[in-house]
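J.:
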Amino acid sequence: MEAHKESDRAAPVQITVLRGNNLRGSRAESCLSFIRVEFNGCVLGDSPKLDVSVDKEVVYNFTCSFECSEAAHTLDDLAHKPVILTVLEILPKEKKQKEEKTAVVGQATLDLLPLLHGQIDFSSSVQLHVVPGSPSDIALQEDGSLLASTLDVSVSIPGPLLSDAQLSDSNVLMVTVETAYSVPEVWNPVSTPPCSYVAALQMPLTAEKEEVLLFSNGTLEMGGEREPVPRPVKWSLGPLIATRAEVMQGYSIDEEPDDLEHGGLTTIEDTDFRIDAECSSKRVSWDTARRCFIDAGGVACLSRRIAECRLWPIEIMRAPQTVPTKAGKTSKDKLGEDEIQISFHGVVYVDLVPLLYPGVRRIHGAYRIYPFYESDLLTKTQRTHSILKESSRAPAAPGRTHTTSSVNSIKPVKPAQTDSQADLEVQVNAEGQMYLDSKSYFVVEISLEKPLVPKRPPEELAKRVMELVPPRPALPRHPAGAERAVHEYQSQIASVATQVLDQYQQMFGAAFVPDGKPLDPAQQQQRKTQLIAELNCSGKYFAFKEQMKYSVVRIVREKMLRTEAFSDPEQLQAFLSQLYMFLVDEMHAALNKTLSVDSQDTHHEALLNCSQLKHFAKEAELNTDYQLAAQYYQERLVRDRNDPSHWFDYGVFHMLTAEHLKAEECFQQALSVDQTHTPSLLMCGVLSEMSGHYDDAETFFERATCVEPSNVVTWTLFGVFCQSQEKSIQAEMAFLEANKQLGSVLRCGTASRPEKTADNQTQSQSGEMKDQGDETSETTASKTENAAADTDTDIEDHRPQESQESKERAQHKTSHSSLKTTIFMETVQFLLQSYALQMAQRALALELLSPDRGSNSLFHLALAQLQLLRGEHESAEDSLREALSDNIQNPDIWALWGHLHYVRGDYNQAQSCYERTLEFVLDASDTHAIYLRLGFICIQDGEYEKAKRVFLRACKSSPSCLTWLGLGIACYRLEELTEAEEALTEANTLNNRNPEVWGYLSLVCLQTGRKLEAEQSYKYAIKMDLQKESLLQEIRELQARVGFGNPCF
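Using the numbering used here, read the sequence shown as starting at 576 and increasing by one per residue.
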């Protein structure tokens, strides 16, 4: 209440014109001038008349004031009306002239907006714009070196116009009406009588009333070229004597990027039409801005109105210009007696909901112009009347050009009133229909100083995530100071020792080659002398000294703490002795590390890298061997616990096994390592929502959008979450941003998902693993391939010939189908890969309801994947049938159908689907699972030749223990024992704890008569708990037949 009373009190605003610079009038020597100050249609005063030389500044020191109150000169007037400063020159009197004549030298405008920002005083130097055609204008055009005229002005008030609370809760809105393009062809710039073009809309200033914003200075222009950008923005004042004074300083109309537009004309066809219309068609240009000061009640009213009805009308009309009458009055003075004739009455419906998006302060776009009908206005905006018609009937208030109306008159109409809607229909708006026929559109910008809905800053979100998941302590610091100096000295010693050894090998290396003459120990001293002589002669000895010098200097400074010269020779000698002993000790330590044989053998590079371990873990998941998969994931963590992707993959594994608490712990561990790991942020949000911690979930999702603002999945998941929380506006904002990012992703051809986590990642990893495989693996594969060269050609004949033309066609189809993806399908893929099935189902539901729905086959394929993960086999089969009916050539659909038959135990149908999948030109996204299952089906059916070919391909593309095992089994059944042993050895190298590998190795050794190796392999098979009874029985029968292999014999 006190703040409200404080704002009702009148506050004097004092304006002081200090001086004028470079003022030029009609006389060349001096200028007799004074300044007139106006605000809001009122003359505040005239300064004293001063006659000053042209080359001197004119010190006016003229002060005038006005009172800012709710009755007159309101805060809204301060926002949209500048102070007009007019410099007038008193012309010399002519003969018989009784009264003085004056001429306008120039005009300047002073913006009072800083007073609404809490300032109590400010100073400004404003440019004085000369009157076109005046002597000053002519002088400036003739002599470009003349300085522009300026006025130094200061403004002050006794205290702030707004309290801190009012300043925080209020806002300043600015509407910039730019141009209407492709207007009706019947409009003519030289029409009689001349016409004005008016745009109008209403904005709430307070909770009780709305202000009508009129833009009546539209100018009809012919087409021919694009409007220049940037171009200035004018005040909504009406014409001034100095036309350039109408420009608002600091504001301009710039070219808008297509992806930032909010209008309805953003499609490719609309863009092409706009490019043509903005060059060749007629247009009406306003380039005018109107600011509004909105108090706390008005801000709340504006937000409520936008939430209730998202469309905001802007009316457009053409009307005859106000011209002077014989009585000296204008037609504007008779407003109220005769209504202004409204023609070409149109309306633009601007969607203001983006202003309710968190952090959004501005919308800009092009909007269609529709013919005005009150029934359409009522349906779309819940308004009952035309503001242009109301303004034309209302009498003009003195000193005010805009009318106000009560907010209550714009409340939604009750349902009972809609029965008379037919009575509101007037005759067809033929003139307004021309807007549609001409495809007219209207460009407007609406901006706010502060967003209606504040957005949490990234720093606050990062702090909140840090509170939820504290980061790990920082890693130990690297050696510094004295320790670093010692390390550097030892590294230089090792480098010099290596170079000396290289030189020694060059000189006496012939003794180290096979069959070379050994060195004579008696000549060791001679060789040492030769080596030193060579080092001295070649200059290497001096180079070694220079190489060591810097590290020794650092030891002196950092370790010995000596930076000044010695004055006492004895102290110098003692220091040198101490330094020499230290350097020799450290030299011996460095040489021991460098030349020690044991130290070189202590470090062994790991046989398997982390990518291979992940590949093996996914393979174990495929075979539902979750214990083995967990071992692989844990081994990755042992290798590197500071890699967030290792924790994330382990968390995804726990999502598969439905251990959500463990999964959440893993995702939080990933965030503790890296607070910006986007996939972990998303999965923490998913699990927080599942557990009912909605505030935490919102924090995680919103933080993910800040970390990767160009990621499609982050925005889509944030939108799905907001929709579940009934935050429809935030959800709409997130989905729009996701669609925008998806469009840029498809144009650039880059990936959009945070991280690949599903089984189909094995295909992309195969190349890396094949490059990192050991040499024996490649040798084994080549030998086996050569042995099967004849049989391998058979399966190649069954596949279509992969000519360049067919590959290009397939790539074209793939690129065409990728354009059919949507934000929900991209998100579903990430969620399915992360086994977040509940959220994936909701995303699929949104995809089903989306008007921009993508490929039907991709939708049913994703639905089938979800249903298969849930064990809903019947539903999955129905979905796959729907997917095949839409696209029968998608290999992923056939692969998933094969997996469905395999899970059901129908191996014949699974084999048929897998073989058909491999016949396509393009590979499925996960060929490893297809090769693995198809190969073992062939072994089970006794088709060992086919199984060998399948497993051989698997070993070449994505080798693993099971692929080599399958190849070894197939070769063993074909009695190719050498190839079988090599394949089984490779399998044993990749996983030496697989009992089946040891069992088949025992069989091979029994067949080749190696007793010790057969017994050893059999013992390991039993130790690793071989459960396959048929294999155990086969081993025992063969042992009994050959008479060895079992230690119990």
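Virtual Cβ for every residue (Gly too), placed ideally from N, Cα, C.
(1) Based on the DSSP output, what are the partners of tyrosine 1016 in its beta bridges?
(2) Below 8 Å on the Cβ atoms is my guess for alanine 646 versus phenylalanine 868; work out the distance and round it to an integer in Å.
(3) Quick test of the definition: if touching needs 3 or more C-beta pairs under 8 Å, does the segment 940-957 touch the segment 833-841?
(4) Could you tell me whether the Cβ atoms of asparagine 636 and leucine 722 are closer together than 8 Å?
(5) Can you check DSSP and say which residues form a bridge with aspartate 727?
(6) Please report how far the alpha carbon of histidine 1387 lies from the alpha carbon of leucine 1497, in whole angstroms.
(7) Going by alpha carbons, who is nearest to serine 709 out of Thr677, Ile695, Leu690?
(8) Do you know offhand how far leucine 1549's Cα is from lysine 1189's?
(9) Compute the Euclidean distance between the alpha carbons of arginine 866 and alanine 894, then round it to the nearest angstrom.
(10) Are at least three pairs of beta-carbons, each pair with one atom in the segment 1019-1036 and one in the segment 741-759, less than 8 Å apart?
(11) Can you give me the C-alpha to C-alpha distance between leucine 1147 and alanine 1057, rounded to a whole angstrom?
(12) Would you report the Cα separation of asparagine 1004 and histidine 648, rounded to the nearest angstrom?
(13) Cα-Cα, which of Ile659, Pro587, Gly693 is closest to phenylalanine 641?
(14) For glutamine 1206 and aspartate 1215, what's the separation of their Cα atoms in angstroms?
(15) Across which residues does DSSP place tyrosine 772 in a beta bridge pair?
(16) Cα separation between alanine 774 and methionine 1041?
(17) Suppose the cutoff is 6 Å on Cβ atoms and the five residues either side in sequence are ignored; what does the same chain contact list for glutamate 830 look like?
(18) Only counting the same chain, and skipping five residues up and downstream in sequence, which positions put a Cβ closer than 6 Å to that of alanine 1313?
(19) Is leucine 691 near leucine 650, with beta carbons less than 8 Å apart?
(20) Does glycine 1613 come out as helix, strand or coil in the three-state DSSP assignment?
(21) Would you call the CB atoms of leucine 1166 and alanine 1072 closer than 8 Å?
(22) Report the CB separation of alanine 1545 from aspartate 1501 in whole angstroms; it is logged as a contact under 8 Å.
(23) In the DSSP assignment, what residue or residues form a beta bridge with threonine 684?
(24) Helix, strand or coil for cysteine 643? Go by DSSP, reduced to three states.
(25) Could you tell me the boundaries of the alpha helix (DSSP H) in which alanine 1165 lies?
(26) Thinking just about the alpha-carbon of each residue, which of Leu1043, Tyr1225, Ala1195 is nearest to the one in serine 1247?
(27) Using 10 angstroms around the beta-carbon of methionine 1156, count the other beta-carbons present and answer buried if the total reaches 16, otherwise exposed.
(28) In angstroms, rounded to a whole number, what distance separates the CA positions of glycine 681 and valine 730?
(29) Ends of the alpha helix (DSSP H) at methionine 1308?
(30) So what's leucine 625 in DSSP terms, helix, strand or just coil?
(31) What does the alpha-carbon distance come out to for the pair glutamine 741 and alanine 871?
(32) Check each candidate in Asp1453, Tyr1410, Gln1067, Pro1033 and name the one with the smallest Cα separation from phenylalanine 1119.
(33) Assign asparagine 529 to buried or exposed, taking buried as 16 or more other Cβ atoms, counted over all protein chains shown, within 10 Å of its Cβ.
(34) In angstroms with no decimal places, state the Cα-to-Cα distance between glutamate 796 and aspartate 862.
(35) Return the chain-ordered list of same chain residues with a C-beta closer than 7 Å to the C-beta of alanine 1356, the five sequence neighbours on each side being excluded.
(36) Looking only at its chain, what residues have a beta carbon closer than 7 Å to the beta carbon of phenylalanine 1511, apart from the 5 residues adjacent to it on each side?
T.: Put simply:
(1) Tyrosine 1016 pairs with Tyr756, Arg943.
(2) Between alanine 646 and phenylalanine 868 the beta-carbon gap is near 16 Å, outside 8 Å, which marks them as no contact.
(3) Touching, yes, given that three or more Cβ pairs across the two stretches are closer than 8 Å.
(4) Contact: no.
(5) For aspartate 727, which the question treats as bridged, DSSP gives the partners Arg594, Ser700.
(6) Confidence is the limiting factor: at histidine 1387 the pLDDT is only 42, short of 50, which leaves the residue's position unreliable, though a coordinate-based value still follows. So the alpha carbons of these two residues sit roughly 11 Å apart.
(7) For serine 709, the nearest C-alpha among the options comes from Thr677.
(8) So the alpha carbons of these two residues sit roughly 32 Å apart.
(9) Arginine 866 and alanine 894: Cα-Cα distance of roughly 24 Å.
(10) Judged by Cβ distances under 8 Å, the segment 1019-1036 makes contact with the segment 741-759, as three or more pairs qualify.
(11) Taking the straight line joining both Cα atoms gives about 21 Å.
(12) Distance between the alpha carbons of asparagine 1004 and histidine 648: 40 Å.
(13) Sorting Ile659, Pro587, Gly693 by C-alpha distance to the C-alpha of phenylalanine 641 places Pro587 at the top.
(14) The straight-line gap separating the alpha-carbon atoms of glutamine 1206 and aspartate 1215 is approximately 14 Å.
(15) Tyrosine 772 pairs with Gly793, Arg893.
(16) Going by the C-alpha atoms only, they are around 51 Å apart.
(17) Within the same chain, glutamate 830 has close Cβ partners Val804.
(18) Cβ contact annotation for alanine 1313 (same chain, cutoff 6 Å, sequence separation greater than five): Val1287, Trp1290, Thr1291, Ile1398, in chain order.
(19) The Cβ-Cβ distance between leucine 691 and leucine 650 falls below 8 Å.
(20) In the sequence as displayed, the identity of residue 1613 is leucine instead of glycine. Of the three classes helix, strand and coil, the one that applies to leucine 1613 here is helix, per DSSP.
(21) Inclusion of leucine 1166 and alanine 1072 in the CB contact set at 8 Å is warranted, their separation being smaller than that value.
(22) With 8 Å as the limit, alanine 1545 and aspartate 1501 do not qualify as a contact, their Cβ atoms being about 22 Å apart.
(23) Threonine 684 is bridged to Ile659.
(24) Cysteine 643 falls in the strand class under three-state DSSP.
(25) It spans 1144-1170 - the alpha helix (DSSP H) in which alanine 1165 sits, taken as one unbroken run.
(26) Closest option to serine 1247, judged by alpha-carbon separation, among Leu1043, Tyr1225, Ala1195: Leu1043.
(27) That one is exposed.
(28) Spanning the two alpha carbons is a distance of roughly 21 Å.
(29) Here the alpha helix (DSSP H) through methionine 1308 covers 1303-1323.
(30) Three-state result, leucine 625: strand.
(31) One C-alpha to the other measures close to 7 Å.
(32) From the listed residues Asp1453, Tyr1410, Gln1067, Pro1033, the smallest Cα separation to phenylalanine 1119 is found for Gln1067.
(33) Outside the displayed span of the chain (576 to 1624) sits residue 529, for which this structure offers no information.
(34) Their backbone Cα atoms lie some 13 Å apart in a straight line.
(35) For alanine 1356, the predicted model reports a pLDDT of 48, less than 50, meaning its position is unreliable; a value from the coordinates is still stated below. These residues qualify, in order along the chain: Cys1530, Lys1531.
(36) Sequence-distant partners of phenylalanine 1511 (beyond 5 residues in either direction) whose C-beta falls short of 7 Å from its own C-beta, in its chain, are Gly1541.
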